[in-house]
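Asks: As numbered in the numbering used here, residues 20 to 247 make up the sequence shown, in order.
Got a structure here, written out as C-alpha cells. Questions coming.
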Amino acid sequence: MTDEQKIIWHCLADADAVAENAADRILAAAKEAIVRHGRFRIVLAGGRTPEAAYRLLANANADWRRWHIYFGDERCLPPAHRERNSTMAARIWLDHVAIPRRQIHVIPAELGPAEGARRYTDEIVGVLPFDLVILGLGEDGHTASLFPGHRPLMDRLVVPVTNAPKPPAERVSLSSFSLGQAEQVLVLVTGMEKHGAIQDWKAGRQLPISDIMPKNPLHVLLDDLAGT
Ligand SMILES: O=C1O[C@H](COP(=O)(O)O)[C@@H](O)[C@H](O)[C@H]1O
C-alpha cells in the first residue's frame with residue numbers, strides 16, 4: 020500500500036500575499052526550531068517565485084546566527100553565475116543578513132552533475148531531517164530539478180541531472196526522498212502559467228512533487244492566478 024500525500028492548500032489573493040505568508044511561516048518555523056534544538060536548517064528553492072519572500076526576509080529580524088542554509092537544487096554553472104539559485108538567494112537575501120558564511124551550504128554544481136551530487140550527499144547525510152524545505156513548481160510540473168517523466172535514482176539523497184528540459188540541462192537536485200525528510204514542507208506557486216501544473220497535481224497526475232512525503236502535510240501557498 021502506498022502512502023497518500025497530505026496537502027493543505029492556501030489560496031491567497033496575489034503574489035504579494037503569498038510572499039508575506041511565506042516569509043511569516045519561515046520566520047515562525049525558525050523560532051520554533053531554535054527553541055526546540057538551538058538551530059534552524061532550511062532548504063531553499065530557486066527560480067523566480069521565492070524572490071519576493073526572500074526580499075522580505077532580508078529586512079526581517081531573526082536570530083540569523085542559528086540559521087543553516089541548504090539548497091534544493093542548483094544549475095551546473097560557474098560559481099556566482101547570475102542564473103544560479105544560490106546567486107539569486109545571496110543577492111536578494113543572504114548577503115544582507117548575519118548568517119555565518121560557513122552555515123550557507125551551496126551545492127558545488129560547478130563540478131558537474133555527478134561530482135556535485137556526490138559532494139553534496141556528503142554535506143547533507145548527517146543533517147537530515149531538515150526543519151523546513153521550500154519548494155517551487157515549474158509550469159511543466161518540475162520541482163527542485165526533478166522533472167516529470169524522468170526517473171532519477173531516488174534511492175540517493177542527491178541526484179545528478181543531465182537532461183533537464185529547462186536550461187541548463189545539467190543540474191544537481193535533492194531527491195524526493197531528501198526533500199521529504201523535513202518537519203515542514205512549504206510550496207510556493209504563483210502566476211497563471213502554473214495553473215495547469217496545479218490542476219495536474221490536484222488530479223493525481225504523477226509529478227515529482229507527488230513523491231515528496233513529509234511526516235506532516237505539505238502546505239501549498241497559491242495565488243489566485245495559479246489556483247483558479
Ligand atoms: O529551475 C527551477 O525552477 C523551479 C521553479 O522556478 P520558478 O521560476 O517557476 O519559480 C525552482 O523551484 C527550482 O529551484 C529551479 O532550479
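Each residue gets a CB set at the ideal place from its N, CA and C atoms; glycine is no exception.
Please read these numbers as outputs of a predicted model, since none were measured by experiment.
What do you get for Asn-235, buried or exposed, if any count of 16 or more other CB atoms within 10 angstroms of its CB means buried?
Replies: Residue numbering aside, residue 235 sits at position 216 when the sequence shown is read from its first letter. When all chains shown are included, Asn-235 counts as exposed.
Asks: Are at least three pairs of beta-carbons, each pair with one atom in the stretch 88-108 and one in the stretch 177-187, less than 8 Å apart?
Replies: Touching, yes.
Asks: Should Thr-19 be labelled buried (16 or more other beta-carbon atoms within 10 Å of its own) or exposed?
Replies: Nothing can be reported for residue 19, as the shown portion of the chain is limited to 20 through 247.
Asks: Count the other CB atoms within 10 Å of the CB of Asp-22; is the residue buried (16 or more) or exposed (fewer)?
Replies: Taking the first residue of the sequence shown as position 1, residue 22 is located at position 3. So Asp-22 counts as exposed.
Asks: By Cβ distance, which residues of its chain are closer than 8 Å to Trp-112, with the 5 residues on each side in sequence left out?
Replies: Here residue 112 is taken as the residue at index 93 of the sequence shown, counted from 1. Only Tyr-73, Arg-74, Leu-76 and Ala-77 meet the Cβ criterion.
Asks: So, does the stretch 126-146 touch the stretch 189-204, judging by three or more C-beta pairs under 8 Å?
Replies: Touching, yes.
Asks: Checking 7 Å against the spacing of the C-beta atoms, do Leu-154 and Ala-49 come in under that value?
Replies: By 1-based counting over the sequence shown, the position of residue 154 is 135. By 1-based counting over the sequence shown, the position of residue 49 is 30. No, the pair does not count as a contact, with Cβ atoms beyond the cut-off.
Asks: Going along the chain, which residues of its own chain have a beta-carbon closer than 6 Å to the beta-carbon of Val-204, five neighbours each way excluded?
Replies: Indexing the sequence shown from 1 puts residue 204 at position 185. Within the same chain, Val-204 has close Cβ partners Val-152, Pro-233 and Leu-237.
Asks: The alpha helix (DSSP H) with Ser-195 in it runs from where to where?
Replies: As a first step, residue 195 is located in the sequence shown; it is residue number 176 there, counting from the start. 195-199 is the extent of the alpha helix (DSSP H) around Ser-195.
Asks: So if DSSP puts Thr-162 in a beta bridge, which residue, or which two residues, is it bridged to?
Replies: Counting from 1 along the sequence shown, the entry for residue 162 is found at position 143. For Thr-162, which the question treats as bridged, DSSP gives the partners Leu-165.
Asks: Can you tell me which residues form a DSSP beta bridge with Ser-192?
Replies: What you label residue 192 is simply residue 173 of the sequence shown in a count that begins at 1. In DSSP, Ser-192 forms a bridge with Asp-92 and Val-178.
Asks: Below 8 Å, can you find three or more Cβ-Cβ pairs linking the stretch 204-223 to the stretch 114-121?
Replies: Verdict: no, contact absent.
Asks: Quick check: Ile-61 and Thr-162, are their CB atoms within less than 7 Å of each other?
Replies: In the sequence shown, the residue the question calls residue 61 occupies position 42. In the sequence shown, the residue the question calls residue 162 occupies position 143. No.
Asks: Of the choices Asp-174, Arg-175, Pro-184 and Ala-52, whose alpha-carbon is the least far from that of Pro-167?
Replies: Residue 167 sits at position 148 when you count from the first residue of the sequence shown. Of Asp-174, Arg-175, Pro-184 and Ala-52, the residue nearest in Cα terms is Pro-184.
Asks: Quick one: is the Cβ of Gly-155 within less than 6 Å of any heavy atom of ligand 1?
Replies: Locating residue 155 in the sequence shown gives position 136, where the first residue counts as 1. Checking every heavy atom of ligand 1 against the Cβ of Gly-155, one is found closer than 6 Å.
Asks: Pop quiz: Leu-176 and Val-144 are said to be a contact at Cβ under 8 Å. What is the actual Cβ separation, rounded to whole angstroms?
Replies: Sequence index remark: in the sequence shown, residue 176 carries index 157 (1-based). Sequence index remark: in the sequence shown, residue 144 carries index 125 (1-based). Contact holds; Cβ gap of about 6 Å.
Asks: Under 6 Å: does the beta carbon of Thr-68 sit that close to some heavy atom of ligand 3?
Replies: Questions concerning ligand 3 fall outside what the structure shown contains, since the ligands it does hold are ligand 1.
Asks: Mark Arg-224 as exposed unless 16 or more other C-beta atoms lie within 10 angstroms of its C-beta, in which case mark it buried.
Replies: For this step, residue 224 is matched to residue 205 along the sequence shown. Label assigned to Arg-224: exposed.
Asks: Assign Gln-203 to one of three DSSP states: helix, strand, or coil.
Replies: The residue given as residue 203 occupies position 184 in the sequence shown. Gln-203 falls in the strand class under three-state DSSP.
Asks: How is Trp-220 classed by DSSP in three states: helix, strand or coil?
Replies: If you number the sequence shown from 1, residue 220 lands on position 201. Correct three-state label for Trp-220: helix.
Asks: Work out the CA separation of Glu-70 and Ala-108 for me, nearest whole Å.
Replies: One-based indexing of the sequence shown puts residue 108 at position 89. One-based indexing of the sequence shown puts residue 70 at position 51. About 8 Å.
Asks: Check this for me: beta carbons of Thr-209 and Asp-174, under 7 Å apart or not?
Replies: Position 190 of the sequence shown, counting from 1, holds the residue named residue 209. Position 155 of the sequence shown, counting from 1, holds the residue named residue 174. Contact flag unset, no.
Asks: Give me the Cβ distance between Thr-106 and Leu-207, rounded to the nearest whole Å; I'm assuming they're in contact under 8 Å.
Replies: Numbered from 1 along the sequence shown, position 87 holds the residue referred to as residue 106. Numbered from 1 along the sequence shown, position 188 holds the residue referred to as residue 207. 19 Å between Cβ atoms; not a contact.
Asks: Quick one: residues in its chain with C-beta nearer than 6 Å to the C-beta of Glu-202, no 5 flanking neighbours on either side, listed in chain order?
Replies: Here residue 202 refers to the residue found at position 183 of the sequence shown. Correct list, in chain order: Asp-150.
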